[in-house]
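Per the working numbering, residue 17 is the first one in the sequence shown, and the count goes up by one each step.
Quick reminder that beta carbons are idealized off the backbone N, C-alpha and C, glycines included.
One structure is given here, and the rest of the page talks about it.
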Amino acid sequence: MFKKERLWPYPQNLNVAGEFKKPVTISFAAGDLPDFCAEEFEQITGIKLSNAPEAYCIKFLLDQSCIHQQGYSLGISPENCIIKGNTSQGLFYGFQTLLQILAQCKSDMTWPIITIKDHPRYNKRCFMVDMGRTVYNITSLKRIVRILARLKMNQLHLSLYDDELCGLQFKNFPFGHDNPHSITLEELAELVDYASRYHVEIVPELESWGHVGSLVYHMPELNGGPGMYNGSCFRITEKTFTLMRELISQVVTVMPSKATIHLGLDEATWYPGTDLPAGFTPCDMVKRYYEILQSVGKEHDKELTLRIWADHGGRTVPEDIQHNVIIEPWEYWIQQAPAISEKIAKYSSQKMRWMMGAGSSGGHFRGAYSATRYWCQNAVNSDNVDGVNITMWLWNDLERRLALLFNGAYYAWNPLAKSDFSHLEDIEACDLKVFPIMYWWQSNFRDAFADDIERDRGPLVYNGFYLWGKNHGKAVAPTAIAANTTDGHDYLNEH
17 MFKKERLWPY PQNLNVAGEF KKPVTISFAA GDLPDFCAEE FEQITGIKLS NAPEAYCIKF
77 LLDQSCIHQQ GYSLGISPEN CIIKGNTSQG LFYGFQTLLQ ILAQCKSDMT WPIITIKDHP
137 RYNKRCFMVD MGRTVYNITS LKRIVRILAR LKMNQLHLSL YDDELCGLQF KNFPFGHDNP
197 HSITLEELAE LVDYASRYHV EIVPELESWG HVGSLVYHMP ELNGGPGMYN GSCFRITEKT
257 FTLMRELISQ VVTVMPSKAT IHLGLDEATW YPGTDLPAGF TPCDMVKRYY EILQSVGKEH
317 DKELTLRIWA DHGGRTVPED IQHNVIIEPW EYWIQQAPAI SEKIAKYSSQ KMRWMMGAGS
377 SGGHFRGAYS ATRYWCQNAV NSDNVDGVNI TMWLWNDLER RLALLFNGAY YAWNPLAKSD
437 FSHLEDIEAC DLKVFPIMYW WQSNFRDAFA DDIERDRGPL VYNGFYLWGK NHGKAVAPTA
497 IAANTTDGHD YLNEH
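Printed below as a string of structure tokens:
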């Protein structure tokens, strides 16, 4: 039985005008959709497609009248089903909505007569995994890509290393090779290509100042000292810049011709080297890293955009590079709603594009989403906001925290949805409405089965240490012990 509340994320405009008898034979004119979509259609809807000329036709058409680049229109009538999009990405999102509609009608004798016009409020809808404090293998990351695509999310942010672990094996360096669960550069290239088929952009993050314990463990001469929460910061020297240029270059090699590279730059202490010019500041460092990134991009014939954290008190960015820098203020706790409001006002008044850093911190022990809702609903009038980043710090048990992503995707697409729960602030009241829908969604889209997610992810790791299982309490790598970051956070007062 069709229930419009199960459309997730909820469309901007939807009208249901009755129902009609389900077609007996159905054809599928995929147009610019990926090749795998027809097979997915059969698997999820239970409908065997036909090539018979008299079959009811589901058509996908490119149409420039769909103003938004990621938008689509969908119409199901007794005559046919037509999905239109300005781009193949818009068609793909229309396809996801169609799957959600028809998955509800598997055992029905009727289909709804329905028209939808839909587009996202935020262009970039990102999910971040913490490969520097927990572990993800290539199989798990591919599954996450598929889950993101189902939810119309279009970026996967890989925080590649931190104080505790390095989740990527760099060439000609020991970084990542002491982590038995790290991925290779070849696997990163495979993931970038795989994700592109699902209209998901990979955004790699290479910490370039603080949170670098897993690097300086192997190069102690570059260790400036502790950061804001222990761990390690680079001593900013010419040797540091040379190292980072090489690491950035290795990652950029496997990225597409146009990419966003995140360089972190938060929660660090300033340890300038003696070989830097007198008066060299963190603002100068931002400019230097930007120049390094552009130089690497030119070398590889790629167009690169710099993304950085705004840090607790903000991050000063030279005016002449602000056009190509995305700054990301963050706050993960709804108790800090006033601070979120201040950041929305601050960054909306500046010239730079900015991302909302939402999601959950390592101090959240369940799938938190209240701060994400607050960010998305209160930034709707910001002209220069690029999107939202739903982070999942320190943990890798997505199967237990799926509400973090499921709810976040809802507000990232349509933050002011006309549903009976989109504005519910009480967590229990919202969970009561949302979890039955999420469980229905999981049951119809196998990629989100909890046991499959858990199987693919491998061991549960928190902050560099195994949790439960035969290795319970042991460090994943010696860098996790050296980081000394088990204590130190005051989560409710960090902003």
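Open item on the list: Please determine whether the Cβ atom of H380 lies at a distance below 7 Å from any heavy atom of the ligand COA.
Closed with: Among the ligands in the structure shown, none appear at all, so the ligand COA cannot be discussed.
- [ ] Using the Cα positions of S357 and E344, report the straight-line distance between them to the nearest angstrom.
- [x] Answer to the nearest angstrom: the Cα atoms are 14 Å apart.
TODO: Look at the Cβ atom of T113, then the Cβ atom of D134, and state whether they are nearer than 8 Å.
DONE: Yes.
TODO: Measuring only between beta-carbons, confirm whether N487 sits less than 8 Å from chain D.
DONE: No chain D appears in this structure, which consists of one protein chain only.
- [ ] Please report the Cβ distance between K318 and M368, rounded to the nearest whole angstrom; I am assuming they are in contact, meaning their Cβ atoms lie under 8 Å.
- [x] Not a contact, Cβ separation roughly 21 Å.
TODO: Would you mind working out which of W484, F111, W346, I469 sits nearest Y88, comparing C-alpha positions?
DONE: That would be F111, whose Cα lies nearest to the Cα of Y88.
Open item on the list: Taking the beta strand (DSSP E) that G240 belongs to, which residues open and close that run?
Closed with: In the DSSP assignment, G240 falls within the unbroken beta strand (DSSP E) covering 239-243.
Open item on the list: Going by DSSP, what residue range makes up the beta strand (DSSP E) through M408?
Closed with: Looking at the DSSP string, the run of the beta strand (DSSP E) that includes M408 is 401-408.
Open item on the list: Contact defined as beta carbons within less than 8 Å: I believe A165 pairs with Y210. What is the distance between those atoms, to the nearest angstrom?
Closed with: Not a contact, Cβ separation roughly 11 Å.
Task: Contact set for E254: own chain, Cβ-Cβ below 6 Å, skip 5 residues either direction - done: Here E254 has D291 as same chain residues with Cβ atoms under 6 Å from its own Cβ, once five neighbours each way along the sequence are excluded.
- [ ] Assuming Y305 and C249 form a contact by the criterion Cβ under 8 Å, report the distance between their Cβ atoms to the nearest whole angstrom.
- [x] Actually they do not touch by this definition, with Cβ atoms about 14 Å apart.
TODO: Would you tell me roughly how many angstroms separate the C-alpha atoms of G183 and A33, rounded to the nearest one?
DONE: For G183 and A33, the gap between their C-alpha atoms comes out near 51 Å.
- [ ] Report the option in H84, V151, I130, Y390 whose CA atom is closest to the CA atom of I98.
- [x] The shortest C-alpha separation from I98 is found at I130.
TODO: Return the residue from the list M372, M371, F422, L77 that minimises the CA-CA distance to G383.
DONE: Considering only alpha carbons, the answer is F422.
Task: Per-residue burial, E441 [other beta carbons within 10 Å of its own, 16 or more giving buried] - done: Around the beta carbon of E441, fewer than 16 other beta carbons lie within 10 angstroms, which makes this residue exposed.
Task: Per-residue burial, C299 [other beta carbons within 10 Å of its own, 16 or more giving buried] - done: Exposed, by the Cβ-count rule.
- [ ] Would you list the one or two residues that DSSP bridges to E415?
- [x] DSSP lists no partner for E415.
Task: Outcome for D178 when other beta-carbon atoms lying within 10 angstroms are tallied against a minimum of 16 - done: Buried.
Open item on the list: Can you give me the C-alpha to C-alpha distance between I83 and K100, rounded to a whole angstrom?
Closed with: So the alpha carbons of these two residues sit roughly 11 Å apart.
Open item on the list: Under 8 Å: do the stretch 275-283 and the stretch 320-328 share three or more Cβ pairs, one atom per stretch?
Closed with: The answer is yes - the stretch 320-328 touches the stretch 275-283, with three or more Cβ pairs under 8 Å.
Open item on the list: Check for me: the alpha helix (DSSP H) holding I303 runs from which residue to which?
Closed with: One detail in the question is off: residue 303 reads as Lys in this sequence, not Ile. Unbroken alpha helix (DSSP H) run through K303: 298-315.
Open item on the list: Per the DSSP calculation, P220 is bridged to which residue(s)?
Closed with: For P220, DSSP records a beta bridge to L174.
Open item on the list: I'd like to confirm the pairing. Which residues does DSSP put opposite D146 in its beta bridges?
Closed with: D146 is bridged by DSSP to S175.
- [ ] Report the partner residues of N31 according to the DSSP bridge assignment.
- [x] DSSP lists T131 as the beta-bridge partner residues of N31.
Task: Whether E283 touches M244 by CB criterion (8 Å) - done: A Cβ-Cβ contact shorter than 8 Å links E283 with M244.
Open item on the list: Considering just the uninterrupted stretch of the beta strand (DSSP E) at N246, what are its terminal residues?
Closed with: Per DSSP, N246 belongs to the beta strand (DSSP E) from 246-250.
Open item on the list: In the DSSP assignment, the beta strand (DSSP E) including I160 goes from what residue to what residue?
Closed with: Per DSSP, I160 belongs to no beta strand (DSSP E); it is in the alpha helix (DSSP H), 154-166.
TODO: Could you name the residues that DSSP lists as bridge partners for F76?
DONE: Here F76 is bridged, per DSSP, to I99.
Open item on the list: Tell me which residue opens and which closes the alpha helix (DSSP H) that A499 is part of.
Closed with: Element bounds for A499: 494-499.
TODO: For Q25, name the three-state secondary structure that DSSP assigns.
DONE: The sequence as given places Pro at residue 25; Gln does not occur at that position. If DSSP states are grouped into helix, strand and coil, P25 belongs with coil.
TODO: Please state if the CB of K168 and the CB of M371 are separated by a distance shorter than 8 Å.
DONE: Remark: C-beta atoms of M371 and K168 do not approach each other more closely than 8 Å.
- [ ] Taking the CB atoms as reference points, tell me whether R137 and W325 lie closer together than 8 Å.
- [x] Contact: no.
Open item on the list: Is the beta carbon of F461 closer than 8 Å to that of I42?
Closed with: Inclusion of I42 and F461 in the CB contact set at 8 Å is not warranted, their separation being larger than that value.
Open item on the list: For F44, which residues in the same chain have their Cβ closer than 7 Å to its Cβ, ignoring the five residues on either side in sequence?
Closed with: If we look at F44 and ignore the five residues flanking it on each side, its Cβ neighbours are A54, F57, L65, I74.
Task: Top-ranked residue by Cα proximity to I160, from E444, M408, K434 - done: For I160, the nearest C-alpha among the options comes from M408.
Open item on the list: Mapping the DSSP letters down to three states, classify Y348 as helix, strand or coil.
Closed with: Coil at Y348, not helix or strand.
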